[in-house]
Structure formats: C-alpha cells, structure tokens
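Residue numbers (this note's numbering): -14 to 575. Working notes, beginning with the structure itself.
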RNA sequence: GCCCGGAUAGCUCAGUUGGUAGAGCAUCCCCUUGGUAAGGGGAAGGUCAUGAAUUCGAAUUUCAUUCCGGGCUCCA
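Here it is in structure tokens:
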C-alpha cells in the first residue's frame, strides 16, 4: 500500500544515491555470501530509501543480525571508489548475460515485449545488473546509508508467485540527513496510536478478541462525540438513521452476492441446517431490505438511510494493524437511493460534508477516483459516463485528487478519501461508491413520474470510514492531545492544599452542570506532581486552586501547552471554554 | 496466508557461558499541606505468553501454538 512510485524522481541525485546504494547492497551480499546463495530479482529506489528482492538458494537464510556484516562490506565498496558505468546491449546479449537468473529473464521478456532499450550498469569489474538507471558515477558518492529491515514480498506483487526475501534500506546525501530521518521515524513512533491509545486509557485489544478493540471510558467519550457531531450534521441534511440486524441468514447474502464473493471474510454461526447465520460484514444488504419494504415514488428520492451498527469482518492473520485494520468496527455508513439524474448533485452534497468534517479536524486528505476494474459488472457506457461525471465534480470543486486506474469496486466507480498515518503509510478512510448492481440483485423499484417502474442507483458512502480507523488516525494527528471538544477530560481541578477542597468541589459541580468533562485531583500530592500527571494525560486545562483563587472566586489556568494564563474569574473561564467547545475549535483559549 | 523478528511485575526495561528472577514508575499504607512537569518511608506484586522436548536442573536450548511488530497479499 505504501509502495511508492519513485519514477518521478528519476533525475534526482537522491534517487541515484539510493538506487546505487541498492546495487552496492547486492554486490556486498555477493561478496559476503557468494553469488550462488541467491537470485537477484529486483531492487528500486523509493521515496524514503530502497529495497532489494532476492530468492534465497541452497538453504540460504538471512536475518537482521546479518546487517552489520553486510553494511561493513558496503562501506568497503564505497571506499574502493568503484565506477558505475552504463551500457546498452541487445536482447540476445542480455539473455546470454543473465541466462542463469530466471527473474532477470522474466524481466527481459517483458522489456522485449515493450520493445524498450536494454541497459546494464556495471560497478567496477565484479558486479553487473540489468537496470534502467540512472546511477551515481562512483560508489564513493554514497555518503550515508543504512539497512533497515527484512520482509517478504511476492514476485511482481502477486500472491500466486513465489515469496522473495526483501531487504529495506535507506541512503542520504549526508550523514546528518540520515540521522535526521532516523530521528524523525523515532519521533513519529511516539505518536503511534497503538502505544498512545492504551497509555491514555482510550482503548486496548485483548488477545482473546484480536482486532476487536475494547473502548475504555475515555475512548467511548470520543467515539460518542464523533457520532454526535455526525448525527447532528447528517440530520440537517436529510439523512434518516436506522438500526438493522447484526445476524442475518445466509440467504440474505446469497441474494446480495456476498455469500459467493465475500464468505471468507464473514463470521458464520452454524445453528444447524437451514439455519446458518452470518454476522453482518457490511450494511448494504440490510439497507436494500429496508428499501424493499413498501412502494416508492420518484418523489421519495434521494432516500438517505444511515446505519452505524457494528460490523465484523474476518481478516487473515497478519492483516490486522491496531485500530487501522480491525475485525470489529462501525462505519458512519449511509446508503442513498437516487435516480441516475441525481447522482451528480448527490455526490456534490456528500463531498461538501467530507470537506466540512475534515476541516473540523484540521486534516488534509487526498481523493482517489477509482475507475472500472477488470472484473466489473454492468455496461461500459454507464461506467464511462459515471466516471466522467465524478471527475467533473472533483474538478469543479477544486479537490486534490488523482485517478486510480482499475481501482473502482466491481459494481461501480468510487471516490476514496486517503490519509497518512504517523509513519507515512496511506490509509483509506472515507469512500463514496456508486452502485448499479445491488439494487438490481434485490430487484428494487420505484415509480417514475411517467408511471414506469425503474431501478434506483445506490450511493454507498462513509465520511469517517470506520470510526476505529478514524480514531487511530486522530490519535496520531493530535498525538493524543485532542481538541477540547473531543478531550475525554477537558479540565482538571488541582487544589494546592486540602483547605481548598470545598471550593474545588463547588466548581467541580458547577462545571459538570454546564456539561464540561472535569475531574478533581484531591490526592494528597504536591501540586507539581498533580500538574505533571495532568500533563501526561494531555488534559487541555489545569485549574489551579489556592487560597488566592478561593478568595477571588477565580481559577488559575494552566494550559497543556505550558502556558500559564494566571487567575481568571470563574465565570469568564466557563464562558471561554464553552465557546471553544461549541465551535469545535482546534486551539486552546490562548 | 506468506517472509523476518518479538513476548520477563499493571507500565518501561535489566537478567552474564542453562543453577527456579531484579530496578524504576504505577498500586496500597504511613509521614508530608506545598503556587505551575515527579516530597519521603514502608508493604505487596511474576507458573518468565501457552504446550511439549532435551537436561540432574530451562526465563535462558529445540519444536509447536497463540498473540504482537515490520513487510507482502488483501482491505474501511
């Protein structure tokens, strides 16, 4: 998913350095282990480094402990100042040169098919690789490099092919650049939601329920705030919320097609023959079932049915990832039944909602227009028309988008909202999908203005995507320091001595009556210790109460960013915080 | 599912060539009542992920399982 197309960097010095570092890595491995220990498959530069894929031979096995040895050899090659020289050869010469390497031959065949020029790069006298380049001119130009990790990867990214061994590494123009990069990775890891979430009491995942998060009280507050906001904004826009069955007989999924195409992802309860139930993996079939109730007029459309129930999808082991990939989740889902003429207008309305939501969180997103995949359903003309229409809407509304060829769903084109996690990996959150198929499968009908029966089109759409994934992204976005309206605890009252407890309790009650989520720290600890603990919890406001505040009916406000706002009259603080919460401000008072 | 790693107290981590476990923080108790990021003392807390194997003896070696991490594939 995070594989990066580095071709755009072909001319960059950094790209050359990285690609050459990858050649040096391969050369070093040949020296250390011998050429007969692996087939070189391929190795490109990427946006943040490079990788090298190979097939181990003769029981050869490598682990990260071997990196030191390899890196030492790489350093040697660099020190030897070996020239890297390009030359072009014919297909026959190339096939002879790489006759012992099935991967290179495979590669050569596709180059031959495309009728491209064949170039090789030679490092000194000992190493040659089939490569489009470009490279640095001399190994000594590699000033800073490091091997990072070992992974497995399928040849050509295809599950059916053999799994190769991949070594990831990176290289930079200077040593400080490399160190800066490694430092940034370490810093990013500190905001990892898998670490921060449990630390801040937001969620945890127990091994008895893999991929199914427990939302702790603080996490539940946030989820509910997200949903409240969502409900208010959608109610305003004519959405109607529903609640539908968690378990459905398999017959429902036979109708929808999921029993045939999606069964491996469904949790199935076998209660005996003719009584096989499935935990719902998505809401669509239930939405179709609702639409089937009663008779619909064109006047009823668009009909916007939303549903935020829990969904369960069984994922293969190894595919789970914190909150970003789970087995139990809830989508902020809605199915909108429209006529074909209404598609454009409805998409516009949905994109407006997306804009509103993401701006509230201060999150930038990209849109991917997924076009017709190979295994599509329906007719090409309808697809083309829909794709064009979607693209026009993106252009008209000046969205940052790109086209993902063949990335549409099999039932229709889609717009995906994409965001990055703290490690730069890209995740899909929202998605707006057009569906011509499901309404047909369920034989949905409405009566048009001329009295004829027609099948509606369905738009599947989520804005947050899944609340779980969105929460994961949010935790990382804010590094756990949520804007006040989302903060599980918005203020902590910190009395300096026990003699302020009466006043502290009074403002505790008052703030709670006003709907502020506030806690009182009445432990017999030093004020400094209480402040430290509140800081660690990332609570936006600490209200310090000493004798002076009691006498003046005020609170001394310390913000979590370290700012000391001094004594503020209690009513003034209350008004300011309420204002901030109501406007869902991303900032603190000052 | 696949490739490579990992799992020691609630948390963060020590644990030398195999001889049945340690620290800091958190918890509980006592003392301490203080102006913007940790006051002091004491107690309690672990079948070293689980199950086998090797051994006189396993946290430590081997195998399997579960879960976790980095990737691949797949996906919201």
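In this text, a Cβ means the ideal position worked out from N, Cα and C, and glycines have one as well.
How many Å lie between residue i and residue j at the Cα?
i, j, result
"residue 8", "residue 104", "14 Å"
"residue 0", "residue 146", "28 Å"
"residue 567", "residue 206", "16 Å"
"residue 516", "residue 180", "22 Å"
"residue 451", "residue 409", "19 Å"
"residue 442", "residue 400", "16 Å"
"residue -5", "residue 316", "Bear in mind that the predicted position of residue -5 carries a pLDDT of just 46, short of 50, making it too unreliable to give a figure here."
"residue 540", "residue 493", "12 Å"
"residue 169", "residue 118", "29 Å"
"residue 190", "residue 308", "9 Å"
"residue -13", "residue 536", "A caution first: residue -13 carries a pLDDT of 29, below 50, which makes its placement in the model unreliable, though a value can still be read off. Distance between the alpha carbons of residue -13 and residue 536: 59 Å."
"residue -7", "residue 32", "Note that residue -7 scores 42 on pLDDT, short of 50, meaning its location in the model is unreliable and no value can be drawn from it."
"residue 422", "residue 396", "6 Å"
"residue 225", "residue 238", "24 Å"
"residue 74", "residue 192", "56 Å"
"residue 548", "residue 474", "18 Å"
"residue 480", "residue 528", "8 Å"
"residue 183", "residue 61", "45 Å"
"residue 143", "residue 137", "12 Å"
"residue 67", "residue 121", "11 Å"
"residue 88", "residue 54", "26 Å"
Return the first residue and the last residue of the beta strand (DSSP E) that residue i is part of.
i, result
"residue 120", "First-last for residue 120: undefined, no H or E at that position."
"residue 551", "549 to 554"
"residue 155", "148 to 157"
"residue 369", "That residue, residue 369, is in no beta strand (DSSP E); its alpha helix (DSSP H) goes 365 to 381."
"residue 233", "232 to 234"
"residue 320", "313 to 323"
"residue 270", "Counting along the chain, residue 270 falls outside any beta strand (DSSP E), though it belongs to the alpha helix (DSSP H) covering 269 to 277."
"residue 495", "Looking at the DSSP string, residue 495 is not in any beta strand (DSSP E); the run it does join, the alpha helix (DSSP H), is 486 to 498."
"residue 226", "225 to 227"
"residue 262", "261 to 264"
Under 9 Å, do residue i and residue j count as touching if we go by C-beta distance?
i, j, result
"residue 329", "residue 374", "yes"
"residue 265", "residue 271", "yes"
"residue 426", "residue 438", "no"
"residue 444", "residue 420", "yes"
"residue 377", "residue 469", "no"
"residue 6", "residue 130", "yes"
"residue 35", "residue 156", "yes"
"residue 496", "residue 476", "yes"
"residue 250", "residue 298", "yes"
"residue 111", "residue 15", "yes"
"residue 534", "residue 485", "yes"
"residue 214", "residue 201", "no"
"residue 580", "residue 571", "With the chain represented from -14 up to 575, any question about residue 580 goes unanswered, as that position is not in the structure."
"residue 619", "residue 440", "No answer is possible for residue 619: the residues shown for the chain start at -14 and end at 575."
Since I believe residue j is in contact with residue i (beta carbons under 8 Å), could you give me their beta-carbon distance rounded to a whole number of angstroms?
i, j, result
"residue 197", "residue 313", "4 Å"
"residue 574", "residue 561", "5 Å"
"residue 389", "residue 339", "17 Å between Cβ atoms; not a contact."
"residue 296", "residue 267", "6 Å"
"residue 318", "residue 217", "Actually they do not touch by this definition, with Cβ atoms about 17 Å apart."
"residue 241", "residue 269", "7 Å"
Which one of the options has the shortest CA to CA distance from residue i?
i, options, result
"residue 96", "85, 108, 79, 334", "79"
"residue 348", "389, 309, 333, 404", "404"
"residue 43", "63, 57, 22", "22"
"residue 463", "503, 514, 524, 497", "524"
"residue -2", "351, 254, 127", "127"
"residue 125", "230, 3, 75", "3"
"residue 402", "380, 336, 231", "336"
"residue 235", "228, 229, 243", "243"
"residue 322", "158, 333, 273, 280", "273"
"residue 394", "571, 381, 363, 39", "363"
"residue 334", "557, 116, 94, 417", "417"
With respect to the alpha helix (DSSP H) encompassing residue i, which residues constitute its N-terminal and C-terminal limits?
i, result
"residue 445", "From DSSP, residue 445 is part of no alpha helix (DSSP H) but of the beta strand (DSSP E) over 442 to 451."
"residue 516", "512 to 521"
"residue 140", "Where residue 140 is concerned, there is no enclosing alpha helix (DSSP H), given that its DSSP letter is neither H nor E."
"residue 587", "The requested residue 587 is not part of the displayed model; the chain covers only -14 to 575."
"residue 36", "Run containing residue 36: none in the alpha helix (DSSP H); it sits in the beta strand (DSSP E), 34 to 41."
"residue 596", "This structure does not reach residue 596, given that the chain is present from -14 up to 575, and the question cannot be answered."
"residue 62", "52 to 64"
"residue 328", "328 to 345"
"residue 17", "-2 to 18"
"residue 79", "76 to 82"
"residue 424", "423 to 426"
"residue 168", "160 to 175"
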